[in-house]
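Number of protein chains: 2
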Amino acid sequence: MASGKELCEGVEWRIRVVDGSSEVLVPPTGLARKVWLRTKGLISGLGMKVRMFLKQAWDMGANDPRKVIHCIKVGLALTIVSLVYFMRPLYDGVGGNAMWAIMTVVVVFEPTVGATLYKCLNRVCATCLAGFLAVGVHWIASQSGDRFEPFVVGASIFILASIATFSRFIPSVKSMFDYGAMIFILTFSIVAISGYRVDKLFDLAHQRISTIIIGTSLCILVIMLVCPIWSGQELHSLTVRNMDKLSDSLDGCVRQYFTNSNGEDDQKLQGYKCVLSSKASEESMANFARWEPSHGRFNFRHPWKQYLKIGASMRSCAYCIEALNSCINSENQAAESIKKHLSTSCLKVSSSSSSAIKELAESVKKMNKSPTIDLLVEEMNSALEELHNDLKSLSHLLNPSTTAENQISATGLVPFMEIIPAVTLASILIEISVRIEALVGSVEELVKESEMKDKIVAKEEKPEGTMKALQRV
Amino acid sequence: MASGKELCEGVEWRIRVVDGSSEVLVPPTGLARKVWLRTKGLISGLGMKVRMFLKQAWDMGANDPRKVIHCIKVGLALTIVSLVYFMRPLYDGVGGNAMWAIMTVVVVFEPTVGATLYKCLNRVCATCLAGFLAVGVHWIASQSGDRFEPFVVGASIFILASIATFSRFIPSVKSMFDYGAMIFILTFSIVAISGYRVDKLFDLAHQRISTIIIGTSLCILVIMLVCPIWSGQELHSLTVRNMDKLSDSLDGCVRQYFTNSNGEDDQKLQGYKCVLSSKASEESMANFARWEPSHGRFNFRHPWKQYLKIGASMRSCAYCIEALNSCINSENQAAESIKKHLSTSCLKVSSSSSSAIKELAESVKKMNKSPTIDLLVEEMNSALEELHNDLKSLSHLLNPSTTAENQISATGLVPFMEIIPAVTLASILIEISVRIEALVGSVEELVKESEMKDKIVAKEEKPEGTMKALQRV
Numbered sequence: 152m153a154s155g156k157e158l159c160e161g162v163e164w165r166i167r168v169v170d171g172s173s174e175v176l177v178p179p180t181g182l183a184r185k186v187w188l189r190t191k192g193l194i195s196g197l198g199m200k201v202r203m204f205l206k207q208a209w210d211m212g213a214n215d216p217r218k219v220i221h222c223i224k225v226g227l228a229l230t231i232v233s234l235v236y237f238m239r240p241l242y243d244g245v246g247g248n249a250m251w252a253i254m255t256v257v258v259v260f261e262p263t264v265g266a267t268l269y270k271c272l273n274r275v276c277a278t279c280l281a282g283f284l285a286v287g288v289h290w291i292a293s294q295s296g297d298r299f300e301p302f303v304v305g306a307s308i309f310i311l312a313s314i315a316t317f318s319r320f321i322p323s324v325k326s327m328f329d330y331g332a333m334i335f336i337l338t339f340s341i342v343a344i345s346g347y348r349v350d351k352l353f354d355l356a357h358q359r360i361s362t363i364i365i366g367t368s369l370c371i372l373v374i375m376l377v378c379p380i381w382s383g384q385e386l387h388s389l390t391v392r393n394m395d396k397l398s399d400s401l402d403g404c405v406r407q408y409f410t411n412s413n414g415e416d417d418q419k420l421q422g423y424k425c426v427l428s429s430k431a432s433e434e435s436m437a438n439f440a441r442w443e444p445s446h447g448r449f450n451f452r453h454p455w456k457q458y459l460k461i462g463a464s465m466r467s468c469a470y471c472i473e474a475l476n477s478c479i480n481s482e483n484q485a486a487e488s489i490k491k492h493l494s495t496s497c498l499k500v501s502s503s504s505s506s507a508i509k510e511l512a513e514s515v516k517k518m519n520k521s522p523t524i525d526l527l528v529e530e531m532n533s534a535l536e537e538l539h540n541d542l543k544s545l546s547h548l549l550n551p552s553t554t555a556e557n558q559i560s561a562t563g564l565v566p567f568m569e570i571i572p573a574v575t576l577a578s579i580l581i582e583i584s585v586r587i588e589a590l591v592g593s594v595e596e597l598v599k600e601s602e603m604k605d606k607i608v609a610k611e612e613k614p615e616g617t618m619k620a621l622q623r624v
Numbered sequence: 152m153a154s155g156k157e158l159c160e161g162v163e164w165r166i167r168v169v170d171g172s173s174e175v176l177v178p179p180t181g182l183a184r185k186v187w188l189r190t191k192g193l194i195s196g197l198g199m200k201v202r203m204f205l206k207q208a209w210d211m212g213a214n215d216p217r218k219v220i221h222c223i224k225v226g227l228a229l230t231i232v233s234l235v236y237f238m239r240p241l242y243d244g245v246g247g248n249a250m251w252a253i254m255t256v257v258v259v260f261e262p263t264v265g266a267t268l269y270k271c272l273n274r275v276c277a278t279c280l281a282g283f284l285a286v287g288v289h290w291i292a293s294q295s296g297d298r299f300e301p302f303v304v305g306a307s308i309f310i311l312a313s314i315a316t317f318s319r320f321i322p323s324v325k326s327m328f329d330y331g332a333m334i335f336i337l338t339f340s341i342v343a344i345s346g347y348r349v350d351k352l353f354d355l356a357h358q359r360i361s362t363i364i365i366g367t368s369l370c371i372l373v374i375m376l377v378c379p380i381w382s383g384q385e386l387h388s389l390t391v392r393n394m395d396k397l398s399d400s401l402d403g404c405v406r407q408y409f410t411n412s413n414g415e416d417d418q419k420l421q422g423y424k425c426v427l428s429s430k431a432s433e434e435s436m437a438n439f440a441r442w443e444p445s446h447g448r449f450n451f452r453h454p455w456k457q458y459l460k461i462g463a464s465m466r467s468c469a470y471c472i473e474a475l476n477s478c479i480n481s482e483n484q485a486a487e488s489i490k491k492h493l494s495t496s497c498l499k500v501s502s503s504s505s506s507a508i509k510e511l512a513e514s515v516k517k518m519n520k521s522p523t524i525d526l527l528v529e530e531m532n533s534a535l536e537e538l539h540n541d542l543k544s545l546s547h548l549l550n551p552s553t554t555a556e557n558q559i560s561a562t563g564l565v566p567f568m569e570i571i572p573a574v575t576l577a578s579i580l581i582e583i584s585v586r587i588e589a590l591v592g593s594v595e596e597l598v599k600e601s602e603m604k605d606k607i608v609a610k611e612e613k614p615e616g617t618m619k620a621l622q623r624v
């Protein structure tokens, strides 16, 4: 806008009038014009921002259509609840509080099945528990006479609300019942206080509970039947995807260093950063996955916690890749001859480690022990052995004199300082391979535990088989 | 329990009876006894768990009494709302929907001022906006005739709920208006549907909005007057605390390596892990701090986002400390002579870098540019120079032969492999000091921005001064 104004003031506009002379067109420099220009600028700026915002939203929807589907699901569930309210007979059945059903749908509907189930179960259980308690407190209060009644109710609300709020800070309660504790306080307060005025206490409780059950059942039906997104499945895919990224980053970084190519896909190289930042989402997904019934290849009580251990192992690898990356981008570069000396073995280590991670990803994907992982780890170890030997023989290339930089060309030897970056890189690579072995261990544990759970479930699902076995005894 | 049972079955109890012989006391092995033992075990196990849980809760409360205060605040606010409901005159004023006030208090009350303000403002604005929109839609629906009315209402709910849900996925909306979008859907649906039945539409909207305003004002009063916890202050202290931890870890790790002492406090050494895992809480605090008015030394629009940059710089240092830690705990240890050779300069680098970080923490704490930080960075750089020289002269200690392990004692020279761990450690230390310089930059930016904001606020607060300046012109 400012530049437009300058242009207006810089150029002089002339107009040829009838008598042949020309007149200077003085631009209207009054207040009105300034206001107009400023307003125009503001509006065009706003228009630009809105357009950017809409583009961002469109891209997000196009990149992940499941988000759009989720929105349609929410709209669907809410519209169905409205229909419940429109239909007279049902409306008479659940009372004028159909609003509770709407509220339940809005509050409880989450993108994944696990999160929705967690909220539904917490809501129903906490409402029932708080309702019963509130009725009890109300009975005690009504026995204590008109004068003490408000005090009893007030004190009970104060004490229970404080305790329930405190419980929300305790990690074990927070992870399982955070939402339930809030609903408990809410229901208890409303029922206890309403009880003071409204005498139809049981009616209120019955209405609230039945509408909430209608709302939650509707949510569960919609979320599980219309394109369900399972937290467990998401956690599983995230783990596999992160392993692939880790493997690509590791291989890409080392290859870029030794081949000096800048052709590597930068997004691929930075993939390890996703691993660094996915702790919070992994934890919440594992938390919600516990609430999900069997789906796909995952049984109820699938070892979801093991995914967190795998995530931690992956992050410990990613920290090292971050250090590796800083070696690569550092100002002090190793001498070319040193790079050449180490390149074969380093590339072998990185490619074998990254294929080991790829194989682990495959193993998690298929949820069975990979037949080739032991072989790959062995290969990685033999590559490490080779790297060790190359490092040992590095001293031959070394110039023992500290100030002999001018002798280099003559002898082909390298001053000690120019060895350091490559040696650092190599020893970080060695550390990464140690951490990959830990990753192998945690993946194997996951596969073993999941197979064990599968067997238990299979046993429970075949009671005839168990009966026969018992008869034989 | 199991071991107790074994003991019972293993030892034979005899009792001497009157005639001199002794009788074997057969333990009651019936079903009843087994059930009793199992029940006893279950109960004692449960009791143990409950005791552990209570101990954990007690410790949590004792470690952070502010959590207990928060719980009392929630109880207090809820009890006051109940009093509002108990007092007839006010009750008649806000109608039978005093329940909405209770609900608002329960849902909106968060541990920090920022989070509570965020929810309060979102709730009030979204309720008003959705209320007006719903009244408009209801008017259009009522104009379209009895047959189409449900369709118009249903379609509007479907469309608006879907769009609002979608907007919650967009990062910029999510960080500012996530809660507002949910309340918008809720209020719009309830008002639009209730409009179909209840004719007193404006009454409903008026009631809901006035009760919500009562609830939110009460929450804001209680949260800001009774021992307030400010998100901004928390973020500030977390940043300072994390810097101190980073500095302690860095210094402790290097000192433990070179002095071989295991006396270092392990908790201090692991402090950098807090830095690694505090990204999520930093982000949410910075998000809530934006909603807070001026408090303490922080003005409204204090550059909270800059804290996130500082956090990122700290994490990049912490990644390197993690790599450093793995060097220290690695199996391959450097030869003692090498360690001795590098120890002085490495210790100097680590102590100067860690005192630079400590000084940065002090600078953030006092929110002014430290006068000594430049000096400390210079000191760190000269220590680095020394380390460089020590590394260069390392080649003198090196045994050029690769298989000459038996010659070591004779010559005092060290094989190349035993140099590597110390060299790696040194080069990671160098990398850490590079990252500390980036940290210095981001802290200085924070201090500068905050001083700038202070000046702007000081200007705005002195309108007389501005007036005088204008008169002079």
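Here the protein sequences come in this chain order: C and Y.
Residues 152 to 624 in my numbering are what the first sequence spells out, letter by letter.
Residues 152 to 624 in my numbering are what the second sequence spells out, letter by letter.
Every residue gets a Cβ at the ideal spot worked out from N, C-alpha and C, and that includes glycine.
Here I223 of chain C is near S313 of chain Y, since their CB atoms are less than 8 Å apart. Burial is judged here by how many other beta carbons sit within 10 angstroms of a residue's own beta carbon; M436 of chain C has at least 16 and is buried. When rounded, the separation of the alpha-carbon atoms in V426 of chain Y and Y470 of chain Y is 9 Å.
Neighbours of Y236 of chain C in chain Y, taken as residues whose beta carbon is under 7 Å from its own, are I344 in chain order. Relative to the Cα of R466 of chain Y, the nearest Cα in the group Y:L527, Y:K491, Y:S398 belongs to Y:S398.
Considering only Y:V264, Y:F283, Y:I336, the residue with the shortest C-alpha distance to G305 of chain Y is Y:I336.
Its chain contains G265, S382, G383, L386, W455 as the residues whose beta carbon lies nearer than 7 Å to that of A440 of chain C, once the 5 sequence neighbours on both sides are disregarded; these appear in chain order.
The Cβ atoms of V591 of chain C and V500 of chain C lie no closer than 8 Å to each other. Within the model, the alpha-carbon separation for V259 of chain C versus N393 of chain C is close to 30 Å.
Annotation: N480 of chain C to A474 of chain C spans about 10 Å, alpha carbon to alpha carbon. It is roughly 22 Å from the alpha-carbon of Y408 of chain Y to the alpha-carbon of S584 of chain C. Between F328 of chain Y and chain C, the shortest Cβ-Cβ separation is not below 8 Å. Linking Y269 of chain C to D541 of chain C through their CA atoms gives a straight-line distance of about 56 Å.
Residues of the region 314-340 of chain Y with a Cβ closer than 8 Å to any Cβ of chain C, in chain order: I314, T316, F317, S318, F320, I321, S323, M333, I336, L337, S340. The residues L493, S496, C497, K499, V500, A577, L580, I581, in chain order, have a CB closer than 8 Å to that of L538 of chain C in the same chain once the five nearest residues on each side in sequence are set aside. Nearest to M568 of chain C by C-alpha distance, out of Y:P566, Y:V303, Y:E569, Y:T575, is Y:T575. Around A356 of chain C, the same chain offers G282, V286, V342 as residues with beta carbons nearer than 7 Å, after the five sequence neighbours per side are excluded. Per DSSP, the unbroken alpha helix (DSSP H) holding N540 of chain C starts and ends at 524-543. Within chain Y, the residues placing a beta-carbon under 8 Å from that of M568 of chain C are H539, L542, K543, ordered along the chain. Taking 8 Å as the cut-off, the beta carbon of S504 of chain C is found no closer than this to the beta carbon of V594 of chain C. With respect to chain Y, the C-beta atom of S477 of chain C has a partner C-beta closer than 8 Å. Against G462 of chain C, chain Y offers no close residue; the least beta-carbon distance is about 12 Å (beta-carbon pairs closer than 7 Å). As DSSP reads the structure, H446 of chain Y sits in a beta bridge with Y:F449. For I380 of chain Y, none of the residues of chain C pass the 7 Å Cβ criterion, the least Cβ distance being about 13 Å. Residue contact with chain C for M211 of chain Y: present (Cβ-Cβ distance below 8 Å to some residue of chain C).
With contacts defined as CB atoms closer than 8 Å, E433 of chain C and G462 of chain C qualify as a contacting pair. The residue from C:K516, C:K325, C:I571, C:L511 with its alpha-carbon nearest to that of E588 of chain C is C:L511.
For K520 of chain C, no alpha helix (DSSP H) run applies, since DSSP gives it neither H nor E. At a Cβ-Cβ threshold of 8 Å, A431 of chain C and K490 of chain C do not count as neighbours. When C-beta atoms of the region 364-372 of chain C are compared with those of the region 292-308 of chain C, fewer than three pairs fall below 8 Å, so the two segments do not count as touching. Nearest to I508 of chain Y by C-alpha distance, out of Y:I344, Y:A183, Y:D395, is Y:D395.
In this structure, the CA atom of I291 of chain C is about 15 Å from the CA atom of L311 of chain C. Taking C-beta atoms under 8 Å as the contact rule, V275 of chain Y and I363 of chain Y qualify, at a distance of about 6 Å.
For the 8 Å CB-CB criterion, A252 of chain Y and V232 of chain Y form a contact.
In the same chain as A485 of chain Y, and ignoring 5 residues on each side of it, the C-beta atoms closer than 7 Å to its own belong to E569, I570, P572, A573, in chain order.
Any Cβ of chain C closer than 8 Å to the Cβ of L229 of chain Y would place that residue at the interface, and such an atom is present.
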